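Residue numbers (full-length UniProt numbering): 1 to 648.
Just below is one structure, and these are the notes that go with it.
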Ligand SMILES: [Zn+2]
Ligand SMILES: [Zn+2]
Ligand SMILES: [Zn+2]
């Protein structure tokens with residue numbers, strides 16, 4: 001039962017009473033979100049419509065638990081694929097087994113998954129899983145094999161002391177057993193110990209220090225995170241008043257354009273001007289088996305929540321952070337919340353609003369609710385994305401909405417807040433939280449961003465070493481959405497001078513068109529002059545964002561890409577761009593290689609854009625400029641995120 005069904009029911013009931021007019025008329029008299037929430041809470045017909053979905057959610061919440069049987073069945077299926085050497089598919093089933101597993105089942109599956117990681121030369125994930133398996137009580141009589149694998153992994157990483165400890169443990173465990181193979185195996189281990197000691201000596205002679213920094217789960221996970229593509233640094237020092245942006249950008253208030261970001265100096269193409277961590281983010285349901293619920297990074301080996309079987313994390317660190325911050329309130333309700341808002345207009349924004357509020361300190365929410373300040377009064381303060389207050393005071397546009405629209409949002413705010421309070425067994429939702437959710441439900445449609453990652457569809461039988469994939473197969477996937485208060489300060493242009501890219505839940509803004517000192521930093525809200533007709537752009541921007549665009553391409557009515565003139569005055573540049581686009585298309589996209597080729601391609605595209613902008617004989621728009629800019633955008637997106645996306 002999703003929110004649309006519930007709201008339709010409410011609509012029918014209102015219709016029966018007074019055609020809905022009287023109630024909506026009284027609702028329109030409410031001043032402020034707090035009064036709107038109280039009004040909705042006072043409507044008996046709303047409470048009655050919530051009765052059934054809340055009951056269903058409660059049943060699901062009370063009955064959610066781990067299942068040893070399911071976990072074993074997924075693990076057995078994973079074993080079958082592992083034996084067939086279908087590693088990706090095996091990992092997939094082990095991941096499912098771990099989500100629902102507990103105690104010994106967890107220990108066994110972690111151990112099996114560590115074998116797949118070992119076979120794919122992913123030593124760090126293998127080591128992490130071995131440690132987790134041991135922590136969950138892997139059976140003592142089987143531990144010898146696991147310790148030997150642990151030693152092998154340490155050896156691959158050049159951590160000889162750790163390897164010796166593991167091999168010694170394996171040998172001691174083996175000696176307590178009395179099986180037929182024991183003698184052979186013991187010989188193997190003694191040999192391994194000897195070889196390891198020799199390797200250690202050799203390394204010492206060559207002056208290589210024994211790399212023993214990694215040992216605990218936390219330190220192994222730190223190494224895994226280091227290997228991930230992390231967001232680039234800002235090109236200049238931070239702006240102290242706008243900590244997510246560089247000092248080449250400042251926030252100003254103008255009478256005609258409101259709050260906006262402008263350049264404090266000339267900014268070159270390719271420079272990074274904003275690096276902002278999401279204030280709050282949500283992962284789409286479809287990606288829960290492949291991406292971290294907390295940081296949204298792709299992960300080959302998720303770690304499940306301790307309690308529920310609905311979420312997985314890239315690391316124990318993300319799991320613990322999520323629990324302390326918001327998951328303790330959502331645990332056991334995550335799937336229901338996703339289902340009830342799926343394919344529902346503003347459903348994603350509702351979930352994001354709820355997550356934002358659950359993360360915040362209640363005292364700060366109370367202050368923010370009471371003040372409902374106008375954005376202008378904050379202009380001189382620090383605009384920090386990490387503060388709840390920053391998100392609460394984003395432009396909310398509620399004055400532009402119809403009463404029916406606001407009423408629907410208020411009902412959604414009450415509904416979502418009621419769902420979350422099932423945990424506490426309360427019948428009436430917390431009005432403070434519902435008021436804040438409503439405030440964000442007004443502002444998020446104009447301020448929240450979707451999080452997209454580039455993904456390679458990988459057939460389940462695919463073996464990473466065996467073949468390369470072509471650029472054409474890469475797709476951009478929307479994996480979630482998030483609140484980025486600083487990124488959302490940028491106004492729109494149909495011919496933007498920046499592009500934004502996602503590194504997990506961190507958004508990076510890079511310059512794709514030279515920006516002169518004093519010029520505004522301009523993003524694109526999804527309607528580019530080269531792909532959408534002017535009339536369509538103006539209409540959509542007005543409906544969704546309540547403004548009329550007056551960018552250069554709108555004022556001069558630039559043609560669509562197909563009607564844009566070609567660069568005839570500089571055939572040399574035109575030829576080189578065409579050649580490089582063709583070369584770029586041929587690049588192998590095999591995960592995770594190819595970064596240096598893409599970096600080189602990005603540099604070439606930047607060079608061409610610069611050359612065209614410096615040439616006074618070239619008047620934009622020209623097709624070649626678009627081509628080079630699109631090439632650069634694709635390079636940057638692929639450098640940011642490229643993860644395998646398993647297709648069955
Ligand atoms: Zn994570
Ligand atoms: Zn949970
Ligand atoms: Zn425009």
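We treat Cβ as the ideally placed atom computed from N, Cα and C, and that holds for glycine.
Note that the structure is predicted; figures quoted are calculated from it, not measured.
What are the partner residues of residue i, as DSSP defines its beta bridges?
i           : result
residue 475 : 455
residue 507 : 276 and 502
residue 260 : 252
residue 450 : 481
residue 520 : 262
residue 238 : 246
residue 283 : 480
residue 642 : 454
Given 7 Å as the limit, tell me if residue i has its C-beta closer than that to any heavy atom belonging to ligand 2.
i           : result
residue 310 : yes
residue 327 : yes
residue 218 : no
residue 305 : yes
residue 101 : no
residue 331 : yes
Output yes if chain B places a C-beta closer than 8 Å to the C-beta of residue i; else output no.
i           : result
residue 449 : The question asks about chain B, but that chain is absent: this structure has only one protein chain.
Is residue i near ligand 3, judged by its Cβ being under 7 Å from some heavy atom?
i           : result
residue 554 : yes
residue 535 : no
residue 635 : no
residue 542 : no
residue 153 : no
residue 551 : yes
Should residue i be labelled buried (16 or more other beta-carbon atoms within 10 Å of its own) or exposed?
i           : result
residue 16  : exposed
residue 494 : buried
residue 367 : exposed
residue 42  : exposed
residue 80  : exposed
residue 282 : buried
residue 200 : buried
residue 506 : buried
residue 412 : buried
residue 206 : exposed
residue 5   : exposed
residue 680 : No answer is possible for residue 680: the residues shown for the chain start at 1 and end at 648.
On a CA-only basis, which of the options is nearest residue i? Give me that one, please.
i           : options               : result
residue 409 : 435, 177, 318 and 499 : 435
residue 169 : 183, 182, 159 and 189 : 189
residue 276 : 569, 524 and 234      : 234
residue 251 : 384, 9 and 91         : 384
residue 332 : 317, 339 and 310      : 310
residue 499 : 492, 510 and 491      : 510
residue 552 : 562, 522, 575 and 543 : 522
residue 386 : 423, 484, 444 and 115 : 484
residue 187 : 389, 153, 148 and 165 : 148
residue 616 : 644, 570, 398 and 574 : 570
residue 89  : 117, 103, 541 and 64  : 117
residue 314 : 47, 294 and 577       : 294
residue 638 : 156, 291 and 231      : 231
residue 307 : 576, 316, 328 and 291 : 328
residue 124 : 237, 217 and 364      : 217
Any heavy atom of ligand 1 closer than 7 Å to the CB of residue i?
i           : result
residue 502 : no
residue 313 : yes
residue 125 : no
residue 294 : yes
residue 297 : yes
residue 494 : no
residue 318 : yes
Measuring from the CB of residue i, is there a heavy atom of ligand 5 at a distance below 7 Å?
i           : result
residue 366 : Here the bound small molecules are ligand 1, ligand 2 and ligand 3; ligand 5 is not part of this structure.
> Just checking, does the region 62-71 make contact with the region 443-451 on the three C-beta pairs under 8 Å criterion?
Replying inline: no
>> Under 8 Å: do the region 291-310 and the region 110-128 share three or more Cβ pairs, one atom per stretch?
In response: yes
>> Would the region 389-406 count as touching the region 320-330 if we require 3 or more Cβ pairs under 8 Å?
In response: no
> Can we say the region 88-97 touches the region 132-139, given the rule of at least three CB pairs closer than 8 Å?
Replying inline: no
>> Across the region 623-636 and the region 562-582, are there enough close Cβ pairs to call them in contact, namely three or more that are closer than 8 Å?
In response: yes
> Counting pairs of Cβ atoms below 8 Å between the region 527-534 and the region 474-483, do you hit three or more?
Replying inline: no
> Do the region 140-160 and the region 182-197 touch if we need at least three Cβ pairs shorter than 8 Å?
Replying inline: yes
>> For the region 595-608 against the region 626-644, do three or more pairs of beta-carbon atoms, one drawn from each stretch, fall closer than 8 Å, so that the two count as touching?
In response: yes
> Counting pairs of Cβ atoms below 8 Å between the region 252-266 and the region 413-433, do you hit three or more?
Replying inline: no
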